[in-house]
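Peer 1: Take a look at the following structure, please.
Numbering (the working numbering), first residue to last: 3 to 541.
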């Protein structure tokens, strides 16, 4: 092959990748199948999401807006009248598809999630094939990066502490990310493709400027896709490229245009949208408040290390070698990328955890290097396969644990313990009525669990529904709880329903609301409809 030839992957390899990837996708889908076969639907309505269901409800709300023909996103979990913003465009786009083909938005979400997962796994294998020619090594990298995770599954229950990355940061781990949403696996796919291009471009002897044949176009398109999917994932990679350019100049005392050209190919396509995000996060008051509340702090360093667990321990010889030799054939850019992620995670920003997306890619790279260059030389061939039978399930345990946890109430028969994922069937009838009755903007007061799902099922807005996407969320939640708890005097009951920034059109009182207290404020309202145990009032 000449230097412009694509990476060669045999049909046998692709068949192996497709079979393993399909198995992982099926594994991620099994909890949903369990819910479908459990029989809970006779009393409870499954709302469509298991892992990270609160954010899942916001994706559904954005898809509903897409079904209505909108491309600009409004936060329906907040009651204010809003101007839309060009955010998380993947979900309005999926909503547009759902509307075009008459498919349920939940169905198209999960179909897109499965497709995105398969594309992610194929891109991860392609990255391994870019770096290594030996099929065994490619497969080792693929397994390590796809299912590798830490000790959170063991330490979380023992310590009563879930603050481990493999239990709460799905964007770091491919298998975990594949059960949460669509944009996480697509982001990991883009990062894998971008790393494939840059590793090839910076390989010794590859002194060609970016062009279509050598991945320049791919890098530009992937960068553009990432800024729409998950812009925080692009920042560490750009920081790694900048550090690479600076270190090479310091080492050679000679400035070349090659590496800056590649960095610009990655930066320039994303720059207009990065500028747009910076503008709306300072000028749009709704986005400003959303950004203020959207705090994702870094985990304690020890928890982070334990959450990387055995893959990190395996990678230590590879990391040591990279630090000592700093070889240009992959080690340099991967090491700088890993360092950039860690530094950005612990810088004092309000989105620290967001920068950790894709961390398993460089870590798995060094783990694979360590296995091939250090561990396999000390373990004879028969024992390698015996250890693999034990090690692979062990490193995958946290991600399997994350799949199982949401369905434990179903398995134990205590569905009422997880009413964030399930609502009483009567609420489904209310949602259908609200959706069919209203064609314009309307605002609903309901309990937190009901308000979480109502926007995505009806297109309505709620007084409080989400800790990030409800404006002034803490104050609104307190107001809503006081209204339903019966703590307000009769003369104060009307104040939360008629404010300067919103007017409530409907008030729901059902099992979820009654669980908050005695909603005596509803006594003076006009009853509009009754759906089993749920009453709908008009202020």
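Even glycine gets a Cβ: it sits at the ideal position worked out from N, Cα and C.
Return the residue from the list 151, 128, 152, 58 that minimises the CA-CA distance to residue 107.
Peer 2: Residue 58 is the option with its Cα nearest to residue 107.
Peer 1: Could you compute how far the alpha carbon of residue 37 sits from the alpha carbon of residue 409?
Peer 2: Using only the alpha carbons, I get a separation of about 7 Å.
Peer 1: Thinking residue 399 and residue 155 are a contact (beta carbons under 8 Å), I'd like their distance in whole angstroms, please.
Peer 2: Correct: roughly 5 Å between the Cβ atoms.
Peer 1: Based on Cα-Cα distance, which residue from 430, 290, 200 lies nearest to residue 456?
Peer 2: Among 430, 290, 200, the Cα nearest to that of residue 456 belongs to 430.
Peer 1: Can you find the residues in the same chain that come closer than 6 Å, C-beta to C-beta, to residue 337, ignoring five residues on each side of it along the sequence?
Peer 2: If we look at residue 337 and ignore the five residues flanking it on each side, its Cβ neighbours are 324.
Peer 1: For the beta strand (DSSP E) containing residue 46, list its first residue and its last residue.
Peer 2: Residues 46-48.
Peer 1: In angstroms, rounded to a whole number, what distance separates the CA positions of residue 63 and residue 92?
Peer 2: Distance between the alpha carbons of residue 63 and residue 92 is about 12 Å.
Peer 1: Alpha carbons only, please: which of 413, 416, 454 is nearest the one belonging to residue 433?
Peer 2: The residue with the shortest Cα to Cα distance from residue 433 is 454.
Peer 1: Could you tell me whether the stretch 284-299 touches the stretch 236-250, where touching means 3 or more Cβ pairs closer than 8 Å?
Peer 2: Contact fails: fewer than three Cβ-Cβ distances are below 8 Å.
Peer 1: Per DSSP, residue 533 is paired with what?
Peer 2: In the DSSP output, where bridge partners are listed per residue, residue 533 has 536.
Peer 1: Considering only the beta carbon of each residue, do residue 68 and residue 45 sit closer than 7 Å?
Peer 2: No, they are not a contact pair.
Peer 1: Hey, quick one: how far does the beta strand (DSSP E) through residue 149 stretch, first residue to last?
Peer 2: It is not in any beta strand (DSSP E) - residue 149 instead sits in the alpha helix (DSSP H) that spans 137-149.
Peer 1: In the stretch 48-88, which residue ranges form an unbroken beta strand (DSSP E) of at least 3 residues, counting only runs that do not cross its ends?
Peer 2: Listed in chain order, nothing qualifies, since the stretch 48-88 has no complete beta strand (DSSP E) run of 3 or more residues.
Peer 1: Mind reading off the beta-carbon distance from residue 200 to residue 264? Whole number of angstroms is fine, and I expect it under 8 Å.
Peer 2: The Cβ separation is near 7 Å, so the contact holds.
Peer 1: Where does residue 546 sit, in a helix, a strand or coil, going by DSSP?
Peer 2: The question about residue 546 has no answer, for the chain in this structure spans 3 to 541.
Peer 1: Can you say whether residue 47 is buried or exposed, counting buried as having 16 or more other CB atoms within 10 angstroms of its CB?
Peer 2: So residue 47 counts as buried.
Peer 1: Sort 446, 305, 89, 152 by Cα distance to residue 281 and report the nearest one.
Peer 2: Residue 281 has its Cα closest to that of 89, out of 446, 305, 89, 152.
Peer 1: Quick check on the DSSP output: the beta strand (DSSP E) that includes residue 178 runs from which residue to which?
Peer 2: Here residue 178 belongs to no beta strand (DSSP E); instead the alpha helix (DSSP H) covers 176-179.
Peer 1: What does DSSP give as the partner residues of residue 1 in its beta bridges?
Peer 2: What is shown of the chain runs 3 to 541, which leaves residue 1 out entirely.
Peer 1: With distance defined between alpha-carbon atoms, name the residue in 489, 53, 112, 151 nearest to residue 307.
Peer 2: The shortest Cα separation from residue 307 among 489, 53, 112, 151 belongs to 151.
Peer 1: Tell me which residue opens and which closes the beta strand (DSSP E) that residue 424 is part of.
Peer 2: Its beta strand (DSSP E) spans residues 424-426.
Peer 1: With burial defined as no fewer than 16 other Cβ atoms inside 10 Å of the residue's Cβ, what is the status of residue 76: buried or exposed?
Peer 2: By the neighbour-count rule (16 or more Cβ atoms within 10 Å), residue 76 is buried.
Peer 1: Which first and last residues belong to the beta strand (DSSP E) in which residue 508 is found?
Peer 2: First-last of the beta strand (DSSP E) with residue 508: 508-511.
Peer 1: Could you have a look at residue 359 and say whether DSSP puts it in helix, strand or coil?
Peer 2: Coil.
Peer 1: Report, in whole angstroms, the separation of the C-beta atoms of residue 372 and residue 319, which I expect to be a contact under 8 Å.
Peer 2: With a Cβ gap of about 4 Å, residue 372 and residue 319 count as contacting.
Peer 1: Report buried or exposed for residue 332, applying the criterion of at least 16 other Cβ atoms within 10 angstroms of its Cβ.
Peer 2: Buried is the call here.
Peer 1: Measuring straight from C-alpha to C-alpha, what distance separates residue 160 and residue 299?
Peer 2: One C-alpha to the other measures close to 23 Å.
Peer 1: Express the C-alpha separation of residue 329 and residue 34 in angstroms, rounding to a whole number.
Peer 2: Cα-Cα distance, rounded: 45 Å.
Peer 1: Which runs of the alpha helix (DSSP H) fall wholly inside the stretch 194-248 and span at least 4 residues, in chain order?
Peer 2: The qualifying runs are 218-231.
Peer 1: Between residue 3 and residue 10, what straight-line distance do the alpha-carbon atoms span, to the nearest angstrom?
Peer 2: Unreliable placement is indicated for residue 3, whose pLDDT of 37 sits below 50; the coordinate value is still reported in the next sentence. Taking the straight line from one Cα to the other gives about 9 Å.
Peer 1: Of the residues 144, 521, 261, which one's Cα is nearest the Cα of residue 22?
Peer 2: The option with the nearest alpha carbon to residue 22 is 144.
Peer 1: Buried or exposed for residue 60, please, with buried defined as at least 16 other CB atoms from any protein chain shown within 10 angstroms of its CB.
Peer 2: Answer is buried; the Cβ neighbour count reaches 16.
Peer 1: In angstroms, rounded to a whole number, what distance separates the CA positions of residue 216 and residue 204?
Peer 2: Their backbone Cα atoms lie some 11 Å apart in a straight line.
Peer 1: CB-CB under 6 Å to residue 218, same chain, minus the five flanking residues each way: which ones, in chain order?
Peer 2: Closer than 6 Å at the Cβ level, and outside the excluded window around residue 218, lie 212, 267.
Peer 1: With DSSP collapsed to three states, give me the class of residue 445.
Peer 2: If DSSP states are grouped into helix, strand and coil, residue 445 belongs with the strands.
Peer 1: Just mark residue 134 as buried or exposed, buried being the case when its beta carbon has 16 or more other beta carbons within 10 Å.
Peer 2: Buried, since its Cβ has 16 or more Cβ neighbours within 10 Å.
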